[in-house]
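Colleague: Once you've had a glance at the structure underneath, I'll fire off some questions.
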């Protein structure tokens with residue numbers, strides 16, 4: 002994916018794939034492509050290139066290094082790098098207590114992470130410069146002051162990047178984050194949370210909770226003034242959408258059970274944000290919903306290869322010092338027993354636990370993660386929470402971020418920005434025509450239709466639960482086998 006942000010690397014990647022691209026062009030022109038009628042040539046070419054760049058066999062450490070290649074800072078954006086000091090262990094305790102309260106059963110276990118400082122980037126739109134303008138050679142604090150001066154709104158977006166919970170970085174998302182800042186007038190704090198597999202659940206959740214509370218209650222030495230919770234939008238794409246929902250569920254649970262927490266020497270209240278905005282959210286870590294396979298022809302994220310047997314086969318990563326872990330586990334993000342926990346797979350969260358949530362926005366394509374995004378949105382809606390959903394026919398995962406200049410990309414950002422503005426203004430009215438409905442954008446995006454969220458999928462909550470339990474049990478069997486093999490080797 003790093004090649005997509007480096008023009009030279011992208012050109013080299015394209016030249017190496019000329020035969021593949023020619024075949025795609027030919028079949029598209031003859032209307033013989035499997036995606037004909039739902040993807041234009043640009044979209045199909047984009048999906049083809051990205052799919053060809055993804056290689057699950059590479060060592061995880063190498064994948065991480067490539068995905069976090071910093072493209073530099075230039076053009077119409079402000080970036081101010083900060084370090085949020087480590088809070089007291091009470092923040093970790095709050096997350097652990099929430100995870101314990103939301104357990105499906107006592108067999109669900111997880112590692113206790115250390116509490117550490119959290120790196121982040123303040124991001125904003127920089128007006129009046131061209132796309133090649135260099136970042137000014139001034140201090141990070143002065144960059145933040147310039148960023149704040151350019152902001153047209155008092156809104157702050159807490160942005161949580163995607164990357165399957167083990168890849169990418171705030172630097173990979175600077176362009177789309179600065180663009181949403183342009184459309185909303187907001188500042189954004191983009192969090193460099195700890196990545197798996199080195200830092201499994203709940204390390205990343207501790208980090209994003211630390212960042213959220215740091216916005217409202219700035220630690221000593223912070224550049225920013227306190228931000229009221231009702232001026233904050235939590236937003237994320239893919240795995241960042243997963244963490245956004247986990248953070249929201251943590252806040253909702255704490256507000257009901259432990260409404261204050263010790264943070265940098267002060268007892269502070271747990272407050273909810275103005276809203277949560279999700280782009281292609283990864284709501285099911287097990288990837289067990291039908292669209293994972295059913296929509297694969299439109300997406301660059303391929304479905305897991307799962308033979309017709311009762312054991313889970315992890316991706317075939319070449320071993321390195323990052324993965325597999327010692328002792329081994331079947332999933333990079335967490336112990337196998339945790340994959341159906343609500344803070345790991347938000348789709349597993351019972352709908353009543355979403356009660357009291359602020360408004361939620363979801364946008365998805367016709368992608369592998371479509372079902373889990375829609376079904377999670379349905380649960381939240383059925384908890385009497387205002388939910389706005391945009392679904393785009395034929396579009397791949399996170400299409401708005403990777404095809405920002407297309408018609409679909411522009412519509413995605415327009416809806417996203419409108420939600421952010423309305424949520425901060427308290428104007429997401431449940432009586433609005435698009436609240437509780439999916440706005441389905443047909444191919445070409447010249448026509449739309451509304452579909453009630455309650456009617457969006459044939460799966461019942463019981464169907465969801467059964468799928469998640471089946472996938473969890475498969476992973477547990479795999480993990481037990483891996484542990485047995487490891488123990489035998491350790492004795493030799």
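In our numbering, the protein residues as written are 2 to 493. Beta carbons: idealized from backbone N, C-alpha and C, even for Gly.
1) What residues match up with residue 235 in a beta bridge as DSSP calls it?
2) Can residue 145 and residue 194 be called in contact, C-beta distance under 7 Å?
3) Touch check for the stretch 335-346 and the stretch 471-479: three-plus C-beta pairs under 8 Å?
4) With distance defined between alpha-carbon atoms, name the residue in 235, 414, 346 nearest to residue 290.
5) Classify residue 285 as helix, strand or coil using the three-state DSSP reduction.
6) How many Å lie between residue 123 and residue 251 at the Cα?
7) Would you mind working out which of 425, 166, 281 sits nearest residue 373, comparing C-alpha positions?
8) Report the partner residues of residue 270 according to the DSSP bridge assignment.
9) Would you say the stretch 229-247 touches the stretch 72-91, given that touching needs at least three Cβ pairs under 8 Å?
10) Using only CA atoms, which one of 228, 201, 264 lies nearest to residue 158?
11) Could you spell out where the alpha helix (DSSP H) holding residue 78 opens and where it closes?
12) Report back the beta-carbon spacing between residue 495 and residue 427 to the nearest angstrom; my notes put them in contact at under 8 Å.
13) Where residue 1 and residue 319 are concerned, what is the direct C-alpha to C-alpha distance, given to the nearest angstrom?
14) Measuring only the C-alpha atoms, how far is residue 277 from residue 170?
15) Below 6 Å CB to CB, which residues in the same chain sit around residue 1 once its five sequence neighbours on both sides are set aside?
16) Cβ of residue 275 within 7 Å of Cβ of residue 425?
17) Once you ignore the five residues that flank residue 17 on each side, which residues in its own chain have a CB closer than 7 Å to its CB?
18) Using only CA atoms, which one of 176, 188, 160, 183 lies nearest to residue 212?
19) Quick check: residue 125 and residue 79, are their CB atoms within less than 7 Å of each other?
20) Give the DSSP bridge partners of residue 122, in chain order.
21) Can you give, in chain order, each stretch of the beta strand (DSSP E) that sits fully within the stretch 422-478 and has at least 3 residues?
22) Please classify residue 309: is it buried, with 16 or more other beta-carbons within 10 angstroms of its beta-carbon, or exposed?
23) Using the three-state DSSP reduction, which class does residue 110 fall into: helix, strand or coil?
24) Assuming residue 441 and residue 452 make a contact with CB atoms under 8 Å, what is their CB distance in whole Å?
25) Return the chain-ordered list of same chain residues with a C-beta closer than 6 Å to the C-beta of residue 132, the five sequence neighbours on each side being excluded.
26) Run through DSSP, which three-state label would residue 135 get?
27) Which residues in the same chain have their Cβ closer than 7 Å to the Cβ of residue 38, if we skip the five residues on either side of it in sequence?
Modeller: In this structure, then:
1) In the DSSP assignment, residue 235 forms a beta bridge with 159, 277.
2) Taking 7 Å as the Cβ cut-off, residue 145 and residue 194 do not qualify as a contacting pair.
3) Taking 8 Å as the limit for Cβ pairs, the verdict is that the stretch 471-479 does touch the stretch 335-346.
4) Nearest of 235, 414, 346 to residue 290, Cα basis: 346.
5) If DSSP states are grouped into helix, strand and coil, residue 285 belongs with coil.
6) CA-CA distance, residue 123 to residue 251, rounds to 24 Å.
7) If we check each option's Cα against that of residue 373, 281 comes out closest.
8) Residue pairing by DSSP places residue 270 opposite 261 in a beta bridge.
9) Taking a cut-off of 8 Å for Cβ pairs, the stretch 229-247 and the stretch 72-91 do not touch, as fewer than three such pairs fall below it.
10) For residue 158, the nearest C-alpha among the options comes from 228.
11) Not the alpha helix (DSSP H): residue 78 falls in the beta strand (DSSP E), residues 78-85.
12) In the structure as shown, the chain starts at 2 and stops at 493, and residue 495 therefore has no counterpart that could be examined.
13) The first residue shown for the chain is 2 and the last is 493, placing residue 1 beyond what the model contains.
14) Answer to the nearest angstrom: the Cα atoms are 20 Å apart.
15) This structure leaves residue 1 out entirely; the chain is present only between 2 and 493.
16) Yes, these two residues count as a Cβ contact at 7 Å.
17) For residue 17, there are no CB contacts under 7 Å within the same chain when 5 residues up- and downstream are skipped.
18) Among 176, 188, 160, 183, the Cα nearest to that of residue 212 is on 160.
19) Yes, the Cβ-Cβ distance between residue 125 and residue 79 is below 7 Å.
20) Beta-bridge pairing links residue 122 to 82, 191.
21) Counting whole runs of 3 or more residues, the stretch 422-478 contains the beta strand (DSSP E) stretches 438-442, 449-453.
22) Confidence at residue 309 is low in this model, with a pLDDT of 46, below 50, so its placement is unreliable and the value that follows should be read with caution. When all chains shown are included, residue 309 counts as exposed.
23) The DSSP-derived three-state label of residue 110 is coil.
24) Indeed, because the Cβ distance is near 6 Å, the residues count as touching under 8 Å.
25) In the same chain as residue 132, and ignoring 5 residues on each side of it, the C-beta atoms closer than 6 Å to its own belong to 76, in chain order.
26) The three-state reading of DSSP puts residue 135 in strand, counting E and B together.
27) Within the same chain, Cβ atoms closer than 7 Å to the Cβ of residue 38 are found at 444, the five residues on either side in sequence being excluded.
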